Amino acid sequence: MGSSGKTTHTTYTTAPTYPLAPEEIEVEEGQAAWGEDITELLIPEPPPAVPEGSPGEAVAEAVPQGQDQEGGVSGDAQTEQVPPDVPETSLDVPSAPVPDAALPIPAAPPEGVAAGVPVLVGGADLQDSAATLISYSSPNDTGPREVLLTTLTEDAEAKLMDALALSEEKLIPVQVQEEINGRLPVDEDKQLYEKCSKAAISINHRLKNGQPIPAHTLDYLATAKGAVQEVVDNPDSTQDELAMAGTYKQWLDGMQHRIDTAGQVPYDQGGKVPKIGPYEHTGTVTVTKMMPSPSDEPASGLLAATVRDASRIKASIDPDTGATSWDGTSRSKANGKEYKIDLGEGYTAVYRPYGANSEGKSEYSLRGQLEIHAPQGSGHGHDLVTRLGDLHLVNRAMTSKEAEWTYLANNIDAQGLGSKPKVKEALAQAAHMEELQLQELFHTNAHQAVGLDGDQLSGLAKKWQIEAAASCLSKKVRLVREAVATSVGFTDGAELAASAGYDPTPKATGGWLTWGRFDLGNNKPALAQAWKGKALTHNVHGGSLAAILSTGVLASTERRATMGISSGLGMSEHDDKYTGGASSVFMRVRNSAHVKTGPQLVWDDPLKVVNNTSVYGYNSDHFGAVNPDHHLHSTTKLTKDPLKIAKFNTGINNEVMVRHGLDLLGEHAPSRILCSSSQERTKVLAVLKAKGIEHLGGKPIDQVVQ
Amino acid sequence: MDWKSTVHGLLGGAHTNTGDETDAGAQLVVDHPTGEEAYRAALARHCRWEEAQDVLWVRPIVPGGTDPETGEKVYSLSACRRRSLAWTRLRVYESQVVFTLANGQVARIEPAQGPELDELRAWDAFQLELTAQEEQALEELREDSWWGRYA
């Protein structure tokens, strides 16, 4: 098949063949706005003095694959110290312990936690630079199954494809015995199932509304009966055909009975005509399939892979405890194609490429999704991240500096600071800084390009791009932070960094990461006043509260598909980009005093929920693209400002969206859980107590659950 | 002309020309204030008027997908979430109700046709999959998220 990912190739303009002295680098007008020539920013900072035996601040040199990766402080004597901000290049340098990791990678994710734990990965290969580690309990109690789940950016797919030796390149015809399931030809030819189904739909429509059965409905039933009876009466009908006709006849008799006894049995207590599936024939036949050739030795350094129909992990969630388990083999079918990849030493991967799964037809979030499976047992957290390197992906924890860059970018977007002149200019300068650094790398290393083919040149260009970005990182952070600070009233970047609200480390809540807003942290009195008497609410349908709380999270559809409690069927990625529905949970601003009945979750203290750079909202239901990532979304009606959201019309049709969802048993515990009945309250309390939860948000659960 | 009766009639397919109401139904079309179309979808056959808030709840049908296990069309009940119409102006015609929404958009509930009518028919067939309790929960139009089957 070859690579089906998009391979980008950037052509760089020819630069002088001698390294430029700083004074020879052209500085655009205005670049010295902060009294600092940008060329000075290109001079590498000296590495900090590292006391002997200390891990220092530097990114350590790579260690061979297979060794444990420490996400925290590293005392590994095998590592070398390198200048700060010089990155690994995932093409040829395996993972390194990262003493300056923004978030430590857990060695063993907690077993049975359905939402998993988030991992922040460096570089730009993964969407949101994040992955999720989930540890599924094993039904036969032989050790958990730990899996890394993530979605690649489309640009990163080419790197992964380059790592594979795709067996589809050699296809041979093979005769195989196969069980087939399908409808009988006579059923399909005469549309027997369709005739029966049409009658059922029409009858139910009338029964539900207590209406008399009209003539056309009776005609549908008579037509279906006649067609089925024809098969029964045919002396040439096979046993399978007679069995099929008998099944449909029984269904039709049930419909007639409900018509004859209409009104005697309530619709929701057996009065509804039930659905049956089409009658299918099961048998063994000989078919010809194109199968991957028997395994040759894959080309040196490439990974063996096979193509198969797409699928998802079919996990089970205990409805009472919310614990997740998986037998290691059960998978549910999905539309599209995927690669199964052998990583060696008991590790495997599954990848659904963008190119083989169309945007309009594939289940949401399937495209670009990668699974890495560890051998059964606990303690593979670090190794699972390390194994990303087998697929040519960045495989180390994100550094604090990278995290701060992401934090600044998210806050600029959430607070609408991108239009501020100083910020706009700083971002442009940061990009320019990278370009200059890239040119410097080109000058110094141009000889490496000699003799390379197109793909190799593209890979080399990407490698230099990564290095240029990383080497400028500290300076970019300093530059942009300064601009942000002075744009919002701080004296300088240092004052902003020292302020109470500035926290560039994301929080791991539920199974995902949330980035806080420094404006909320620094403006609490005004926000508290704005939100006084207001609540955020989330309504559910009857009986759902216990199931939601058992998982511990109010999760978006996308997250629930990752957790294995939603199939993701029925929604395409195209639709979600338009509706924004699958990636967020919806809430509403209400007057706290008016919120009294369930089933719903209520946050009378909503600041902890809106302290999230991903929150956005509409004062009233807005039709069309609502997802801020969609280019057609309304820029005039959407707001990310928590002060404006607090002023939403507290009727019932405003909408506030939170990406991924909320951690209900921890950080985002609701202040009230309103049940629809005393039975539901009893069940909810039992679920919480079974999970060892006696308090939510500091309050006893007997007070929270109402 | 009573707008509620007109909306109910459209949703129920009263305007059918085949004699069978399940052959007809309603769609929602919303235009931006500029006149450009913003949204179009078939409507499930239920609605609820929240009189105290002067809001009409409806359920637009986001096109479903094929279940690879069964080959049948299924719907994400999370995607087909309830939507609200809050209006500043309302006009009723024989086979159309036009709402000028509070946010400036203009919404029409009108007879479904073409792809929207096809989608509605597929949705009707999908209802056969649901339990009576699931159908009733949908028709209450109270949930902000759907949990359970077909979430």
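First to last, the sequence lines map onto chains A and B.
At position 160 of the first sequence the residue is numbered 160 (my numbering), and the sequence of numbers has no breaks.
At position 88 of the second sequence the residue is numbered 1088 (my numbering), and the sequence of numbers has no breaks.
Each residue gets a CB set at the ideal place from its N, CA and C atoms; glycine is no exception.
Just so it is clear, the structure is predicted and the values come from calculations on it, not from any experiment.
query, result
"Going along the chain, which unbroken runs of the alpha helix (DSSP H) with 4 or more residues stay wholly within the region 498-568 of chain A?", "518-521, 524-530, 544-551, 557-563"
"Suppose you measure from the CA of Gly511(A) to the CA of Asp342(A); what does that come to, to the nearest Å?", "27 Å"
"Can you list, in chain order, the stretches of the beta strand (DSSP E) that have 3 or more residues and sit fully within the region 1060-1117 of chain B?", "1083-1093, 1096-1101, 1106-1111"
"Just how far apart, CA to CA, sit Trp251(A) and Val273(A)?", "9 Å"
"Looking only at C-alpha atoms, which of Leu160(A), Arg331(A), Ala102(A) sits nearest to Ala734(A)?", "In the structure as shown, chain A starts at 1 and stops at 706, and residue 734(A) therefore has no counterpart that could be examined."
"Under 8 Å by Cβ, that's how I've got Ser1155(B) and Val1062(B) pegged, so tell me the actual separation to the nearest angstrom.", "Only positions 1001 to 1151 of chain B appear in the structure, and residue 1155(B) is not among them; the question remains open."
"Please confirm whether Asp1020(B) has its beta-carbon closer than 8 Å to some beta-carbon of chain A.", "yes"
"Rounding to the nearest angstrom, what Cα-Cα distance links Gly1019(B) and Gly598(A) in this structure?", "41 Å"
"For Trp1123(B), which residues in the same chain have their Cβ closer than 6 Å to its Cβ, ignoring the five residues on either side in sequence?", "Ile1061"
"Could you list which residues in chain A have their beta carbon closer than 8 Å to that of Arg1142(B), in chain order?", "Asn539, His541"
"From Asp100(A) to Ile466(A), what distance separates their C-alpha atoms?", "18 Å"
"Between Val147(A) and His373(A), is the Cβ-Cβ spacing less than 8 Å?", "yes"
"By Cβ distance below 6 Å, which residues in the same chain neighbour Arg1089(B) in space, the five residues on each side in sequence not counted?", "Thr1100"
"Can you pull the chain A residues whose beta carbon is under 8 Å from the beta carbon of Gly1114(B), in chain order?", "Result: empty, since nearest Cβ-Cβ is about 18 Å, beyond 8 Å."
"Are the C-beta of Gly510(A) and some C-beta of chain B separated by less than 8 Å?", "no"
"Return yes when at least one heavy atom of the ligand ATP lies under 7 Å from the C-beta of Thr150(A), else no.", "No copy of the ligand ATP occurs in the structure displayed, which carries no ligand at all."
"Assign His447(A) to one of three DSSP states: helix, strand, or coil.", "helix"
"Considering only their Cβ atoms, is the gap separating Arg1045(B) from Gly1025(B) smaller than 8 Å?", "yes"
"Return the residues of the region 637-655 of chain A that lie within a Cβ-Cβ distance of less than 7 Å from chain B, sorted by chain order.", "Lys637, Gly651, Ile652, Asn653"
"Is DSSP giving Leu1141(B) helix, strand or coil here?", "coil"
"Kindly give me the distance between the Cβ atoms of Val385(A) and Val121(A), rounded to whole angstroms, as I take these residues to be in contact under 8 Å.", "7 Å"
"Counting only Cβ-Cβ distances shorter than 8 Å, please list the residues of the region 328-345 of chain A near chain B, keeping chain order.", "Ser332, Lys333, Ala334, Asn335"
"Please name the residue in Leu1128(B), Leu1120(B), Arg1081(B) whose C-alpha comes closest to that of Glu655(A).", "Arg1081(B)"
"Run down chain A in chain order and give the residues with a C-beta less than 8 Å from the C-beta of Asn1103(B).", "Tyr618, Asn619, Ser620, Asp621, His622, Lys637"
"Give the single residue among Ser550(A), Thr551(A), Ile673(A), Leu207(A) whose Cα lies nearest to the Cα of Tyr267(A).", "Leu207(A)"
"Rounding to the nearest angstrom, what Cα-Cα distance links Lys644(A) and Gly1035(B) in this structure?", "27 Å"
"Nearest CA to the CA of Arg387(A): which residue from Leu370(A), Ser378(A), Gly377(A)?", "Leu370(A)"
"Let me see if you follow: with CB-CB separation under 8 Å, is Arg560(A) close to chain B or not?", "yes"
"Taking C-alpha atoms, which residue in Val615(A), Glu154(A), Ser378(A), Gln269(A) lies nearest to Met587(A)?", "Val615(A)"
"DSSP state of Gln211(A), grouped into three classes?", "coil"
"Check the C-beta distance from Val477(A) over to Leu549(A) and give it rounded, since I have them as a contact under 8 Å.", "About 40 Å; that fails the 8 Å criterion."
"Measure from the C-beta of Ile201(A) to each C-beta in chain B and report whether the shortest distance is under 8 Å.", "yes"
"In terms of DSSP beta bridges, what is Lys337(A) paired with?", "Asp309(A)"
"If we define contact as Cβ-Cβ less than 8 Å, is Gln1163(B) a contact residue for chain A?", "Residue 1163(B) lies beyond the residue range present for chain B, which begins at 1001 and ends at 1151; the question has no answer from this structure."
"With a CB to CB cut of under 8 Å and the five nearest residues on each side skipped, what residues in its chain are close to Asn411(A)?", "Leu417, Val484, Trp515, Arg517, Phe518, Asp519, Thr613"
"Identify whether Ala101(A) lies in helix, strand or coil by the three-state DSSP scheme.", "strand"
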